[in-house]
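J.: Numbering (the numbering used here), first residue to last: 416 to 1002. Note that beta-carbon positions come from the ideal geometry of N, C-alpha and C, so glycine has one too.
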Ligand SMILES: *[C@@H]1O[C@H](CO)[C@@H](O)[C@H](O)[C@H]1NC(C)=O
Ligand SMILES: *[C@@H]1O[C@H](CO)[C@@H](O)[C@H](O)[C@H]1NC(C)=O
């Protein structure tokens, strides 16, 4: 096309010369073709030219407008090497700083002795009434067919309404652990974070080593160009849409994932697509079937996926009523030891670039017998509870719990009524699991016509209007924690376009690293349950309408597709793992 035309013109003009002339002619022609190709590339490439030829010192300034930096410009001007955690306002008085990428550059390991569950793997006894009463109700009230918690700290009366009602728990979205630079740096080297050589000038990104690519991506994200209006991304849903968009682009462009073949079914490579734990199965199925990100050569990978299901682990290895999950822990410990002896990848970073995806409640506990696995590996968990000392905000990923009733049609029933036809103020129906729900029932069941708060949805009510119909017809859907902080109701509310009201102290909300949950949900502290109705009524109608509209716009980020599409839940999960991996990189 254009380049060929130029080449013809060049040869024509130089035609008729001797042997030396023809030599020169060829060289000039090749040079013209190359430069024409570069010009075409720079206009047609979806990424700035700096992606191909990043001058390391200029990268930070290559596509920013002056106004996009006010707070950090002085530090950045000092050069990339000076860019570190010290950029953060160290004594920020705001209690919940937004976890921008840089705010997680360093974090402190929690003090293990204070927050980890007791070392015994004995399990609290199952209460038999929980199991019996679930059967008929599982289809109709969010399906909380769950295992009771494995460990509770002594004195944590998870089944006692009275004692929890009087304790005042910490705020729901816990702020990230304090940043202590020297500790974090020491921690990094002890976890075996590889020493990455500085970027060579003029290296195209695809020629860089995986470690260099991570550093490159991190710098690019820290200096993301401002996104003003993107047709596919609704900015108010995000903490910082510019950062998300740039990070997502770089993931699509750079990220390679290695999947261990080792491990046999059904614990490994056996995705369970149905029920309340379906997130782990869907992710496994879509990841293993993926062509874009998966790479066969581990040397090219940025992330290593451990393809097991926590639910399958329970079904296969847990002896019912044994109240003992030691077999599961030993099994995983041996697996990690096996892959770390067989392949070079684990020891390279001590598991820091490895990840697993577990929706089963036991996910966090199953890492317990292998120290590096427990501390370093990126865990995508439904049970994203920062108070237990296993889930680390900014490193681990809060995985949405999606209750899939019909795997062939994961999007069945998605949608809801317009605001004008949402006649119920607030709705909840479900089992009395955990510490919060009994309090909710105690204060609100049968007390107020606007507050439709039930245990299992009574038959006479369900006959007229199903559980799902209730969600489609309510303004607010109450999502109290169950045995653990997470609940399938949050994503159900999003599917049925009902504004979720989340009651679960210490819960890190799904995709917390990128989403701004205040734009589409209400978070109520456990101690405020008595004021629940007031809290909801105080939200002005206009603000409610905005939130409800935002829930609808958010929906696409929580939908499973048999063939994943851009920005859907599969990509959001993978993105959060990628984003948090970058958080661990020192630039
Ligand atoms: C989003 O991040 C970019 C890049 O770090 C920054 O320039 C911009 O100011 C941030 N925007 C907001 C609204 O915080
Ligand atoms: C990784 O380290 C462990 C113990 O630290 C060792 O047993 C194992 O052989 C190492 N793996 C490789 C591939 O060298």
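Does residue 737 pass the burial test, meaning 16 or more other C-beta atoms within 10 Å, or should it be called exposed?
T.: By the 10 Å Cβ count, residue 737 comes out exposed.
J.: Does the Cβ-Cβ distance between residue 791 and residue 765 come in under 8 Å?
T.: In this structure, residue 765 lies closer than 8 Å to residue 791 by Cβ.
J.: Thinking C-beta only, is residue 996 closer than 8 Å to residue 793?
T.: Yes, these two residues count as a Cβ contact at 8 Å.
J.: Is residue 936 helix, strand or coil by DSSP?
T.: Note: residue 936 maps to coil in three-state DSSP.
J.: Is residue 657 near ligand 1 - that is, is its Cβ less than 7 Å away from at least one heavy atom of it?
T.: Yes, the beta carbon of residue 657 sits closer than 7 Å to at least one heavy atom of ligand 1.
J.: What residue range is occupied by the uninterrupted alpha helix (DSSP H) comprising residue 760?
T.: It spans 760-764 - the alpha helix (DSSP H) in which residue 760 sits, taken as one unbroken run.
J.: Determine the extent of the beta strand (DSSP E) in which residue 796 is found, giving its start and end residues.
T.: Counting along the chain, the beta strand (DSSP E) containing residue 796 begins and ends at 793-796.
J.: Take residue 681 as the anchor and find which of 724, 716 and 658 has the nearest alpha-carbon.
T.: Selected option, being the one with the closest Cα: 724.
J.: What residues does ligand 2 have around it, judged by CB closer than 6 Å to any heavy atom, in chain order?
T.: Going by the Cβ distance cut-off, the answer is 755, 756, 759 and 762.
J.: Give me the DSSP bridge partner(s) of residue 960.
T.: DSSP output for residue 960 lists no bridge partner at all.
J.: Nearest to residue 886 by CA position, among 693, 909, 870 and 897, is which residue?
T.: Comparing Cα positions, the closest option is 909.
J.: By alpha-carbon positions, which one of 733, 734 and 784 ends up nearest to residue 752?
T.: Minimum Cα distance to residue 752 is reached at 784.
J.: Which stretch, first to last residue, makes up the alpha helix (DSSP H) that contains residue 876?
T.: First-last of the alpha helix (DSSP H) with residue 876: 874-879.
J.: Evaluate residue 409 with the Cβ neighbour count: other Cβ atoms within 10 Å of its Cβ, from every protein chain shown; 16 or more gives buried, anything less gives exposed.
T.: This structure leaves residue 409 out entirely; the chain is present only between 416 and 1002.
J.: Consult DSSP for residue 809 and reduce its assignment to one of helix, strand or coil.
T.: Looking at residue 809 - three-state DSSP - the assignment turns out to be coil, as it is neither helix nor strand.
J.: Look up residue 723 in the DSSP assignment and say whether it is helix, strand or coil.
T.: Reduced to three states, the DSSP call for residue 723 is strand.
J.: Keeping to the same chain, check which residues put their C-beta closer than 6 Å to that of residue 962; ignore five residues upstream and five downstream.
T.: Here the set comprises 914 and 935.
J.: Is residue 363 near residue 972, with beta carbons less than 8 Å apart?
T.: It is not possible to answer for residue 363, since the shown part of the chain is limited to 416 through 1002.
J.: Let me know the secondary structure DSSP gives residue 890 once reduced to three states.
T.: Note: residue 890 maps to strand in three-state DSSP.
J.: Look at residue 877 and residue 895 and say whether their C-beta atoms are less than 8 Å apart.
T.: Not a contact, by the Cβ cut-off of 8 Å.
J.: With a CB to CB cut of under 8 Å and the five nearest residues on each side skipped, what residues in its chain are close to residue 733?
T.: Cβ within range, chain order: 740, 742 and 743.
J.: Using 10 angstroms around the beta-carbon of residue 986, count the other beta-carbons present and answer buried if the total reaches 16, otherwise exposed.
T.: Looking at its Cβ environment, which holds 16 or more other Cβ atoms inside 10 Å, residue 986 is buried.
J.: CB of residue 1005 to nearest heavy atom of ligand 1: below 7 Å?
T.: Past the boundaries of the shown model lies residue 1005; the chain is included only from 416 to 1002, so the question cannot be answered.
J.: Specify the secondary structure class of residue 705 as computed by DSSP and reduced to three states.
T.: If DSSP states are grouped into helix, strand and coil, residue 705 belongs with coil.
J.: Which residues share a DSSP beta bridge with residue 869?
T.: Paired residue(s): 844.
J.: What distance in whole Å lies between the Cβ atoms of residue 757 and residue 716, which are believed to be in contact at a cut-off of 8 Å?
T.: Actually they do not touch by this definition, with Cβ atoms about 15 Å apart.
J.: May I ask you to list the residues that DSSP assigns as paired with residue 653?
T.: In DSSP, residue 653 forms a bridge with 930.
J.: Can you tell me where the alpha helix (DSSP H) with residue 631 in it begins and where it stops?
T.: Residue 631 -> alpha helix (DSSP H) spans 625-637.
J.: Roughly how many angstroms separate the alpha carbons of residue 534 and residue 796, rounded to a whole number?
T.: The pLDDT assigned to residue 534 is 34, lower than 50, so where the model puts this residue is not dependable; a value taken from the coordinates is nonetheless given after this. So the alpha carbons of these two residues sit roughly 21 Å apart.
J.: Report whether the distance from the Cβ of residue 665 to the nearest heavy atom of ligand 1 is below 7 Å.
T.: The answer is no for residue 665.
J.: Output the distance between the C-alpha atoms of residue 953 and residue 862, rounded to the nearest integer angstrom.
T.: Spanning the two alpha carbons is a distance of roughly 19 Å.
J.: Considering only their Cβ atoms, is the gap separating residue 903 from residue 818 smaller than 8 Å?
T.: Against a cut-off of 8 Å, the Cβ pair of residue 903 and residue 818 comes out as a contact.
J.: Can you name the residues that DSSP bridges to residue 690?
T.: For residue 690, which the question treats as bridged, DSSP gives the partners 819.
J.: So, is residue 638 buried or exposed, given that buried needs 16 or more other C-beta atoms within 10 angstroms?
T.: When all chains shown are included, residue 638 counts as buried.
J.: Spell out a yes or no on whether the stretch 798-812 and the stretch 843-863 are touching, meaning 3 or more CB-CB pairs, one atom from each, closer than 8 Å.
T.: No, they do not touch.
J.: Which residues does DSSP pair with residue 915 in a beta bridge?
T.: Paired residue(s): 892.
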